[in-house]
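This is how it looks when you write it as structure tokens:
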């Protein structure tokens with residue numbers, strides 16, 4: 499019979515055996531998680547891993563739990579890594595777990611899809627709610643890990659593109675169990691700092707590393723941003739819930755910084771454009787004034803005395819021409835009248851009477867027209883005018899009475 | 149945060165510059181006023197450019213709720 503051993507001795511021995519065992523000190527096991535509890539003050543997690551026939555108590559220390567992409571829940575099928583040890587005070591065999599992965603690739607994805615559907619139904623992804631980015635932000639908050647490459651990349655880009663802006667860094671944890679709370683807190687800190695643009699960023703990593711950006715509280719905090727928010731999480735191929743909620747989704751932190759600000763060259767261009775428009779306007783104004791001056795000069799010349807004289811002279815000429823025209827018209831008219839009168843005169847002429855066979859007798863000595871027998875005594879010579887010539891005749895016998903007189907009543 | 153940021157200073161100058169351009173383009177000012185305005189505009193443009201020339205990124209860190217050692221991890 500052996501010497502009796504104390505309980506402490508036995509359990510210490512058992513502990514040594516387990517610790518030195520190659521399998522039990524570095525163990526992967528699968529099972530269903532049950533009674534999962536995170537002890538709030540300490541941050542350590544306590545749970546059981548079980549299958550149909552057996553159950554094993556498990557512990558995960560705070561430090562290890564902080565690296566979890568997402569806190570597992572009871573009922574999850576998981577793959578756990580850890581070491582077996584004997585917990586003497588309670589006389590229990592325990593597995594001290596340092597990593598828990600969802601068993602089956604679908605688990606995280608399923609949770610992601612569930613949350614995405616719910617937030618979408620709540621309107622967090624609504625396109626109408628997306629706000630345009632400020633053309634030139636004054637103060638930008640970078641919510642990211644203070645020591646990360648993502649921050650340095652963003653600062654370099656902002657410095658190169660638009661060093662005019664002010665940057666506020668709101669540091670936060672970007673992975674691990676506490677990352678969601680830390681991100682939410684940093685976001686609200688940024689909102690309170692009077693920025694007009696927020697960038698929430700994290701460099702690339704494994705899908706589990708980005709899990710904080712698939713957290714509901716983080717998504718709602720992003721949605722609550724009072725100013726436009728750009729998400730730049732992971733690489734081009736990673737899409738997180740935060741990307742759906744953000745006003746603008748940038749594929750990487752660097753491209754988020756690029757989207758945030760215009761290039762300084764654009765601003766130089768705007769100033770130069772304003773300057774040239776101003777110069778064009780002033781020159782156009784001067785040209786207008788010169789044209790007006792020219793017009794005015796011409797108007798003055800039109801009213802100058804010399805020109806008036808010229809115009810008066812022209813008026814005189816016009817009048818003279820009109821007068822001349824009037825006169826010549828009158829003369830022509832008179833000529834026409836004259837011709838008419840001449841006709842009538844001719845009709846009245848004694849020559850016309852002669853033409854009809856009458857003759858005019860005149861005394862050859864005195865030229866007196868003889869209209870009565872008494873005017874010429876016998877022997878007096880008469881000059882008789884006929885249509886085609888004249889006769890000289892001598893009076894023989896005066897005869898009383900003339901046919902003309904006889905016809906008179 | 150009472151002091152204007154560089155962007156705010158720039159915006160003030162640039163907005164004034166744009167107003168000058170607009171007034172000059174309207175072209176209904178007396179010549180003397182237009183020329184004074186033009187001089188102002190040239191000065192504003194130079195000020196804008198100077199601001200851009202001398203811009204240096206200002207970076208501040210907000211206080212964090214996290215212990216510094218955690219953030220460095």
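Chains as they are written, first to last, in the numbering used here: chain A, 499 to 907; chain B, 149 to 221. Ideal Cβ placement from N, Cα and C applies to all residues, glycine included.
Beta carbon proximity, residue i to chain B, threshold 8 Å
{"i": "residue 720(A)", "result": "no"}
{"i": "residue 596(A)", "result": "no"}
{"i": "residue 689(A)", "result": "no"}
{"i": "residue 776(A)", "result": "yes"}
{"i": "residue 678(A)", "result": "no"}
{"i": "residue 762(A)", "result": "yes"}
{"i": "residue 779(A)", "result": "yes"}
{"i": "residue 653(A)", "result": "yes"}
{"i": "residue 502(A)", "result": "no"}
{"i": "residue 787(A)", "result": "yes"}
{"i": "residue 704(A)", "result": "no"}
{"i": "residue 765(A)", "result": "yes"}
{"i": "residue 562(A)", "result": "no"}
{"i": "residue 816(A)", "result": "no"}
{"i": "residue 783(A)", "result": "yes"}
{"i": "residue 583(A)", "result": "no"}
{"i": "residue 666(A)", "result": "yes"}
{"i": "residue 642(A)", "result": "no"}
Supposed close pair residue i, residue j - CB separation, criterion 8 Å
{"i": "residue 883(A)", "j": "residue 857(A)", "result": "6 Å"}
{"i": "residue 691(A)", "j": "residue 666(A)", "result": "5 Å"}
{"i": "residue 531(A)", "j": "residue 545(A)", "result": "6 Å"}
{"i": "residue 874(A)", "j": "residue 868(A)", "result": "5 Å"}
{"i": "residue 555(A)", "j": "residue 592(A)", "result": "5 Å"}
{"i": "residue 744(A)", "j": "residue 655(A)", "result": "No, residue 744(A) and residue 655(A) are not in contact; Cβ-Cβ is about 18 Å, not under 8 Å."}
{"i": "residue 193(B)", "j": "residue 662(A)", "result": "Contact flag wrong, Cβ pair sits at about 16 Å."}
{"i": "residue 701(A)", "j": "residue 648(A)", "result": "4 Å"}
Residue-level contact to chain A via CB, residue i, 8 Å cutoff
{"i": "residue 169(B)", "result": "yes"}
{"i": "residue 206(B)", "result": "yes"}
{"i": "residue 209(B)", "result": "yes"}
{"i": "residue 149(B)", "result": "Here residue 149(B) scores only 48 on pLDDT, less than 50, and its place in the model is too uncertain to base an answer on."}
{"i": "residue 160(B)", "result": "no"}
{"i": "residue 182(B)", "result": "yes"}
{"i": "residue 153(B)", "result": "yes"}
Option in the options with minimal Cα separation from residue i
{"i": "residue 776(A)", "options": "210(B), 178(B), 161(B), 185(B)", "result": "185(B)"}
{"i": "residue 748(A)", "options": "734(A), 541(A), 760(A)", "result": "734(A)"}
{"i": "residue 751(A)", "options": "678(A), 851(A), 639(A)", "result": "639(A)"}
{"i": "residue 548(A)", "options": "541(A), 537(A), 512(A), 575(A)", "result": "575(A)"}
{"i": "residue 758(A)", "options": "730(A), 514(A), 778(A), 860(A)", "result": "730(A)"}
{"i": "residue 674(A)", "options": "642(A), 568(A), 797(A)", "result": "568(A)"}
{"i": "residue 886(A)", "options": "790(A), 851(A), 553(A)", "result": "851(A)"}
{"i": "residue 595(A)", "options": "642(A), 813(A), 580(A)", "result": "580(A)"}
{"i": "residue 641(A)", "options": "681(A), 657(A), 658(A)", "result": "681(A)"}
{"i": "residue 600(A)", "options": "589(A), 570(A), 612(A)", "result": "570(A)"}
{"i": "residue 713(A)", "options": "509(A), 607(A), 802(A)", "result": "607(A)"}
{"i": "residue 880(A)", "options": "872(A), 871(A), 890(A)", "result": "890(A)"}
{"i": "residue 709(A)", "options": "871(A), 672(A), 659(A)", "result": "672(A)"}
{"i": "residue 659(A)", "options": "836(A), 760(A), 625(A)", "result": "760(A)"}
{"i": "residue 657(A)", "options": "153(B), 176(B), 205(B)", "result": "205(B)"}
{"i": "residue 536(A)", "options": "676(A), 590(A), 688(A)", "result": "676(A)"}
With 16 other Cβ atoms within 10 Å as the buried cut-off, status of residue i
{"i": "residue 723(A)", "result": "buried"}
{"i": "residue 784(A)", "result": "exposed"}
{"i": "residue 732(A)", "result": "buried"}
{"i": "residue 161(B)", "result": "buried"}
{"i": "residue 168(B)", "result": "buried"}
{"i": "residue 651(A)", "result": "buried"}
{"i": "residue 630(A)", "result": "exposed"}
{"i": "residue 838(A)", "result": "exposed"}
{"i": "residue 707(A)", "result": "buried"}
{"i": "residue 781(A)", "result": "exposed"}
{"i": "residue 895(A)", "result": "exposed"}
{"i": "residue 212(B)", "result": "buried"}
{"i": "residue 533(A)", "result": "exposed"}
{"i": "residue 741(A)", "result": "buried"}
{"i": "residue 888(A)", "result": "exposed"}
{"i": "residue 919(A)", "result": "This structure leaves residue 919(A) out entirely; chain A is present only between 499 and 907."}
{"i": "residue 503(A)", "result": "exposed"}
Chain B contact residues for residue i, given Cβ-Cβ distances below 8 Å
{"i": "residue 567(A)", "result": "The contacting residues do not exist; residue 567(A) stays about 16 Å from chain B at best."}
{"i": "residue 656(A)", "result": "205"}
{"i": "residue 769(A)", "result": "162, 165, 193, 196, 197, 200"}
Residue i: contacting residues in chain A (beta-carbon distance under 8 Å)
{"i": "residue 178(B)", "result": "Simply none; closest approach about 10 Å."}
Chain B contact residues for residue i, given Cβ-Cβ distances below 9 Å
{"i": "residue 544(A)", "result": "Ordered by position in chain B, no residue passes the 9 Å Cβ test against residue 544(A), which lies about 23 Å from the chain."}
{"i": "residue 663(A)", "result": "153, 154, 155, 203, 205, 206"}
{"i": "residue 601(A)", "result": "Near residue 601(A) there are no residues of chain B at all, since even the closest Cβ is about 28 Å away, more than 9 Å."}
{"i": "residue 772(A)", "result": "162, 165, 166, 168, 169, 189, 192, 193, 196"}
Short CB-CB distance (under 8 Å) between residue i and chain E
{"i": "residue 792(A)", "result": "Note that chain E does not occur in the displayed structure, where the protein chains are A and B."}
Contact set between residue i and chain B, taken where Cβ atoms lie within less than 7 Å
{"i": "residue 636(A)", "result": "153, 155, 156"}
{"i": "residue 715(A)", "result": "The premise fails here: residue 715(A) is roughly 15 Å from chain B at the closest Cβ pair, so nothing lies under 7 Å."}
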